[in-house]
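Okay, structure first, notes after.
Residue numbers (the working numbering), protein chains in the order written: chain L, 53 to 459; chain B, 53 to 459.
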């Protein structure tokens with residue numbers, strides 16, 4: 053008998069027919085003698101609809117009331133899936149965040165899970181009841197509802213697997229695993245049978261939509277055996293573990309691309325040490341995360357500062373930057389919407405200096421200009437013109453020997 | 053300064069524009085120096101959509117998971133209205149049932165409120181925060197979510213007004229008050245400036261959709277000053293109180309009609325005392341409420357039993373009745389879908405014997421056959437063929453001198 057957490061995302065629970073199919077998958081696990089806890093997202097499209105309502109009332113999205121509205125989506129799915137399981141003759145009940153409870157800090161819309169007492173869920177296991185937990189939501193110490201950010205249900209699933217000491221955590225989605233690149237962009241992209249936590253974290257952080265980056269970080273920390281697989285087709289999916297399958301030990305595990313960022317340049321900032329701290333301090337105060345940063349000197353003791361941030365934060369960031377502009381008296385704010393971040397990721401990169409040069413050479417061969425560069429131990433990211441996305445990803449996929457070999 | 057509970061129903065909160073309008077109404081009350089608690093229903097159409105989902109997974113609607121799904125609707129509205137109020141510069145927060153808490157018994161889909169501790173809401177009043185309470189939902193002792201039945205938000209509002217010792221409870225809806233008959237059926241229907249609890253209870257119970265009957269019962273019990281008015285047009289609405297305005301002291305206050313019932317006849321039941329108890333006992337066990345009942349003797353020591361029940365309960369009632377049929381060995385179950393219940397209601401009826409004869413005479417004049425009759429101290433209801441609904445209501449409206457006088 054294994055204890056498993058199964059998580060089903062938006063398209064897997066998009067309608068009643070899909071929910072019935074998901075119930076069948078769960079029943080197979082139960083019939084195989086496993087102890088199962090389920091985590092669900094909102095039905096596909098539902099969250100966007102709710103965000104639409106809140107957005108028209110309040111452009112600043114990070115409020116507790118915004119979270120109250122959004123959390124309704126997962127509530128609906130958890131109740132419906134419990135009904136679908138009951139219909140198959142299983143005992144099942146839904147759990148909302150406050151009923152578990154899933155305790156978080158009190159940051160609206162980006163809350164972090166602080167604790168999950170498991171007494172109620174253990175009671176379910178003891179009585180052969182399948183608990184269906186509403187993902188994405190939590191509660192604060194003051195009993196207010198929070199949400200965990202986009203894709204937060206992945207984090208709920210991993211945190212629950214850690215709290216329950218589960219043998220595995222299966223993330224069911226609409227793709228059958230993790231690919232070396234987005235298969236919609238690169239026809240020769242191939243599915244990885246396994247990938248390390250570190251690589252998966254970078255893949256997720258750099259734009260691969262298959263898992264929320266935070267959930268991977270959490271899985272790594274608690275050594276949760278994670279798997280990504282499809283609820284639509286039968287396949288073993290991709291295992292995310294401490295060590296990668298040796299057969300696949302190429303230097304690079306995949307190419308990610310991310311079109312969700314915009315590039316901002318602040319022109320002619322007086323070159324004083326405190327100014328950079330002021331700028332990023334104000335952005336942080338307003339819960340705006342900055343990704344890549346480059347500072348460059350200009351003439352007359354002035355400097356330019358270029359950085360990227362989430363496209364969805366731009367509307368909130370601009371008034372903040374306009375205020376700083378007046379305060380620091382710099383000359384201009386330039387926004388570039390037409391960028392993409394391409395990242396080359398692989399644990400093998402640590403001891404292989406050729407990756408960067410292959411990357412630069414490949415892009416140069418296609419006359420693609422690099423605007424920003426950022427590196428970490430296991431990834432290199434570059435910002436380029438968005439129009440080159442398919443060309444750049446495919447060329448790098450070939451250059452790093454990732455193209456699927458028909459064997 | 054008055055303390056008031058304001059309740060806004062489905063069409064009043066149907067979209068973001070309506071919610072902003074509702075926020076303006078609330079702001080006017082606050083600006084007038086009043087202490088306001090708000091109760092909201094789900095956005096119009098939302099509950100039906102959610103019922104559709106649950107119904108396709110489970111035809112037996114009365115389960116706790118069904119309630120979990122449905123309660124999401126009010127959660128969405130409460131969060132959105134709190135946002136709309138914040139946008140107007142007011143302090144506001146949403147309250148879900150578990151946060152107040154609104155305690156109920158544990159009957160799924162038809163729960164009754166058992167207690168509402170007011171400590172959290174009093175804290176809001178103290179800090180000038182407008183609480184927006186999700187109507188229709190409650191929680192059991194075991195922290196499971198329940199709902200109060202269709203129109204249950206009215207009951208939430210009245211129960212809250214009683215718990216908070218509110219000076220008044222205003223029910224905002226899409227009509228500007230209580231009418232002597234459905235204005236869509238009777239062009240000469242007129243708005244009542246006041247009506248007694250007893251009359252309103254019968255009006256609601258007999259099919260007037262303006263208020264949930266249970267909410268009126270509760271208001272009567274706790275002497276809550278109730279008012280029905282429109283969020284769409286400015287008007288004083290209709291006051292529901294202990295005593296009716298003398299100026300309007302006609303015998304009859306209104307004519308209600310209800311097409312939500314079906315008539316069932318059980319044919320040739322063995323005439324034994326225990327059998328009737330068995331039949332209604334089994335229906336009650338299955339949470340199926342029966343309304344009007346007539347027993348008639350047939351030949352050979354057999355009897356027929358005719359009764360009405362809610363159209364929405366028919367699918368659940370039929371298998372129960374089929375089982376009883378085998379057990380008691382009676383010959384037939386006849387279902388008549390094409391009926392309407394017409395009710396003549398008025399506190400003046402208590403000491404006026406002419407009402408019944410006027411009713412029978414009027415229907416006879418139009419050759420309308422009466423199938424069942426039921427009376428109470430302040431109402432007479434008859435079941436007739438559904439096709440005669442507009443004719444019967446209009447004729448009775450005239451006969452009882454309710455037609456609007458242009459003065």
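We put the beta carbon where it would ideally sit given N, CA and C, even for glycine.
All of these numbers come straight from a predicted model, not from anything done at the bench.
Exercise. Looking at the unbroken beta strand (DSSP E) that takes in residue 39 of chain B, where does it start and where does it end?
Worked result: Limits of chain B in this structure are 53 at one end and 459 at the other, which puts residue 39 of chain B out of reach.
Exercise. So who's on the other strand from residue 280 of chain L, going by DSSP bridges?
Worked result: In the first chain, residue 280 of chain L corresponds to position 228, counting from 1. Looking at the DSSP assignment, residue 280 of chain L forms a beta bridge with L/223 and L/290.
Problem set entry | contact_flag[the stretch 187 to 200 of chain B, the stretch 147 to 161 of chain B] where n(CB pairs < 8 Å) is 3 or more | Under the three-pair Cβ rule at 8 Å, the stretch 187 to 200 of chain B counts as touching the stretch 147 to 161 of chain B.
For this session: Compute the Euclidean distance between the alpha carbons of residue 323 of chain B and residue 62 of chain B, then round it to the nearest angstrom.
Result: Along the second chain, one-based indexing puts residue 323 of chain B at 271. Along the second chain, one-based indexing puts residue 62 of chain B at 10. Straight-line spacing of the CA atoms in residue 323 of chain B and residue 62 of chain B works out to 48 Å.
Problem set entry | Sheet register partners of residue 204 of chain L (DSSP bridge) | Position 152 of the first chain, counting from 1, holds the residue named residue 204 of chain L. BP columns for residue 204 of chain L are empty, so no partner.
Problem set entry | Sub-8 Å separation of residue 314 of chain B and residue 388 of chain B beta-carbons | Locating residue 314 of chain B in the second chain gives position 262, counting from the first residue. Locating residue 388 of chain B in the second chain gives position 336, counting from the first residue. Yes, the pair counts as a contact, with Cβ atoms nearer than the cut-off.
Exercise. Beta carbon of residue 247 of chain B, beta carbon of residue 230 of chain B: below 8 Å?
Worked result: Counting from one through the second chain, the residue named residue 247 of chain B turns up at place 195. Counting from one through the second chain, the residue named residue 230 of chain B turns up at place 178. The Cβ atoms of residue 247 of chain B and residue 230 of chain B lie closer than 8 Å to each other.
For this session: Could you tell me the distance, in whole angstroms, from the CA atom of residue 222 of chain L to the CA atom of residue 303 of chain L?
Result: Here residue 222 of chain L corresponds to residue number 170 of the first chain, with the count starting at 1. Here residue 303 of chain L corresponds to residue number 251 of the first chain, with the count starting at 1. Residue 222 of chain L and residue 303 of chain L have their C-alpha atoms spaced approximately 27 Å apart.
Exercise. Is the beta carbon of residue 269 of chain L less than 8 Å from the beta carbon of residue 430 of chain L?
Worked result: As a working mapping, residue 269 of chain L is identified with position 217 in the first chain. As a working mapping, residue 430 of chain L is identified with position 378 in the first chain. No, these two residues do not count as a Cβ contact at 8 Å.
For this session: Could you tell me whether any Cβ in chain B is nearer than 8 Å to the Cβ of residue 156 of chain L?
Result: As a working note, residue 156 of chain L is residue 104 in the first chain. So no, residue 156 of chain L is outside the interface.
For this session: With 8 Å as the threshold, decide whether the Cβ of residue 63 of chain L is near any Cβ in chain B.
Result: Residue numbering aside, residue 63 of chain L sits at position 11 when the first chain is read from its first letter. Residue 63 of chain L does not count as touching chain B.
Exercise. Should the stretch 171 to 191 of chain B be regarded as contacting the stretch 418 to 434 of chain L, the criterion being three or more beta carbon pairs within less than 8 Å?
Worked result: Short answer: they don't touch.
Problem set entry | Proximity below 8 Å, CB of residue 346 of chain B to CB of residue 358 of chain B | Taking the first residue of the second chain as position 1, residue 346 of chain B is located at position 294. Taking the first residue of the second chain as position 1, residue 358 of chain B is located at position 306. Yes, Cβ-Cβ distance for residue 346 of chain B and residue 358 of chain B is below 8 Å.
Exercise. Would you say the stretch 433 to 447 of chain L touches the stretch 94 to 102 of chain B, given that touching needs at least three Cβ pairs under 8 Å?
Worked result: The stretch 433 to 447 of chain L vs the stretch 94 to 102 of chain B: no contact.
Problem set entry | Presumed contact (8 Å Cβ cut-off) between residue 395 of chain L and residue 308 of chain L, rounded CB distance | If you number the first chain from 1, residue 395 of chain L lands on position 343. If you number the first chain from 1, residue 308 of chain L lands on position 256. So it is a contact: roughly 5 Å between Cβ atoms.
For this session: Give me the Cβ distance between residue 213 of chain B and residue 276 of chain B, rounded to the nearest whole Å; I'm assuming they're in contact under 8 Å.
Result: As a first step, residue 213 of chain B is located in the second chain; it is residue number 161 there, counting from the start. As a first step, residue 276 of chain B is located in the second chain; it is residue number 224 there, counting from the start. Right, the Cβ-Cβ distance comes to about 5 Å (below 8 Å), so this counts as a contact.
For this session: Compare the beta carbon distance of residue 259 of chain B and residue 397 of chain B with 8 Å and say whether it is the shorter of the two.
Result: Here residue 259 of chain B is taken as the residue at index 207 of the second chain, counted from 1. Here residue 397 of chain B is taken as the residue at index 345 of the second chain, counted from 1. The answer is no: Cβ separation not under 8 Å.
Exercise. Of the choices B/441, B/150 and B/452, whose alpha-carbon is the least far from that of residue 421 of chain B?
Worked result: What you label residue 421 of chain B is simply residue 369 of the second chain in a count that begins at 1. Checked all of B/441, B/150 and B/452; the closest Cα to residue 421 of chain B is B/441.
Exercise. Does the separation of the CB atoms of residue 148 of chain B and residue 115 of chain L fall below 8 Å?
Worked result: Within the second chain, the letter at position 96 stands for residue 148 of chain B. Within the first chain, the letter at position 63 stands for residue 115 of chain L. No.
For this session: Output yes if chain B places a C-beta closer than 8 Å to the C-beta of residue 120 of chain L; else output no.
Result: For this step, residue 120 of chain L is matched to residue 68 along the first chain. Yes, residue 120 of chain L lies at the interface with chain B (some Cβ there is under 8 Å from its Cβ).
Exercise. Thinking just about the alpha-carbon of each residue, which of L/150, L/164 and L/171 is nearest to the one in residue 195 of chain B?
Worked result: Numbered from 1 along the second chain, position 143 holds the residue referred to as residue 195 of chain B. Comparing Cα positions, the closest option is L/150.
Problem set entry | chain B contact for residue 110 of chain L (CB, 8 Å cutoff) | Stepping through the first chain from its first residue, residue 110 of chain L is reached at position 58. For residue 110 of chain L, the answer is yes, since a Cβ of chain B falls inside 8 Å of its Cβ.
Problem set entry | Short Cβ contact (8 Å threshold) for residue 106 of chain L with residue 132 of chain B | Taking the first chain and counting its residues from 1, the one referred to as residue 106 of chain L is at position 54. Taking the second chain and counting its residues from 1, the one referred to as residue 132 of chain B is at position 80. Between residue 106 of chain L and residue 132 of chain B, the C-beta spacing is below 8 Å.
Exercise. What first and last residue would you give for the alpha helix (DSSP H) that runs through residue 336 of chain L?
Worked result: Here residue 336 of chain L corresponds to residue number 284 of the first chain, with the count starting at 1. Where residue 336 of chain L is concerned, the enclosing alpha helix (DSSP H) stretches over 325 to 337.
Problem set entry | Contact set for residue 455 of chain L: own chain, Cβ-Cβ below 7 Å, skip 5 residues either direction | One-based indexing of the first chain puts residue 455 of chain L at position 403. If you ignore the 5 residues before and after residue 455 of chain L, its C-beta comes within less than 7 Å of the C-beta of 240 and 449, all in its own chain and listed in chain order.
For this session: Could you tell me if residue 78 of chain L is buried or exposed, where buried requires 16 or more neighbouring beta carbons within 10 angstroms of its beta carbon?
Result: Along the first chain, one-based indexing puts residue 78 of chain L at 26. It is buried - the Cβ of residue 78 of chain L has at least 16 other Cβ atoms within 10 Å.
Problem set entry | Partners in chain L for residue 76 of chain B, counting only beta-carbon separations shorter than 7 Å | What you label residue 76 of chain B is simply residue 24 of the second chain in a count that begins at 1. Here the premise fails: no neighbours, minimum Cβ distance about 13 Å.
Exercise. For residue 288 of chain L, is the classification buried or exposed, using 16 other Cβ atoms within 10 angstroms of its Cβ as the cut-off for buried?
Worked result: The residue you call residue 288 of chain L lines up with position 236 of the first chain. Per the 10 Å Cβ criterion, exposed.
For this session: Out of L/319, L/310 and L/75, state which residue places its alpha-carbon closest to the alpha-carbon of residue 382 of chain L.
Result: Locating residue 382 of chain L in the first chain gives position 330, counting from the first residue. Minimum Cα distance to residue 382 of chain L is reached at L/319.
Exercise. Are the C-beta atoms of residue 380 of chain B and some chain L residue less than 8 Å apart?
Worked result: The sequence position of residue 380 of chain B within the second chain is 328, counting from 1. Closer than 8 Å: no.
Exercise. Skipping 5 residues on each side, what residues in its chain have a beta carbon closer than 6 Å to that of residue 256 of chain L?
Worked result: Residue 256 of chain L sits at position 204 when you count from the first residue of the first chain. Excluding residues within five positions, the ones whose Cβ falls inside 6 Å are 263, 265 and 268.
For this session: Classify residue 285 of chain B as buried or exposed, calling it buried when 16 or more other Cβ atoms lie within 10 Å of its own Cβ.
Result: Mapped onto the second chain, residue 285 of chain B falls at position 233. Residue 285 of chain B comes out exposed.
Exercise. Can you list, in chain order, the residues of the stretch 123 to 141 of chain L whose Cβ is nearer than 8 Å to any Cβ on chain B?
Worked result: Those would be 123, 124, 125, 127, 128, 130, 131, 132, 134, 135, 136, 138 and 139, in chain order.
Problem set entry | Close beta carbons around residue 146 of chain B, own chain, < 6 Å, minus the five adjacent residues each side | Indexing the second chain from 1 puts residue 146 of chain B at position 94. The residues are 130, 131, 134 and 184.
For this session: Taking a Cβ distance cut-off of 9 Å, strictly less, list which residues of the stretch 142 to 153 of chain L are near chain B, in chain order.
Result: Taking 9 Å as the Cβ-Cβ cut-off against chain B, the residues of the stretch 142 to 153 of chain L that qualify are 144, 145, 146, 148, 150 and 151.
For this session: Could you please give the first and the last residue of the uninterrupted beta strand (DSSP E) stretch that includes residue 355 of chain B?
Result: As a position in the second chain, residue 355 of chain B is number 303, starting the count at 1. In the DSSP assignment, residue 355 of chain B falls within the beta strand (DSSP E) that extends over 354 to 362.
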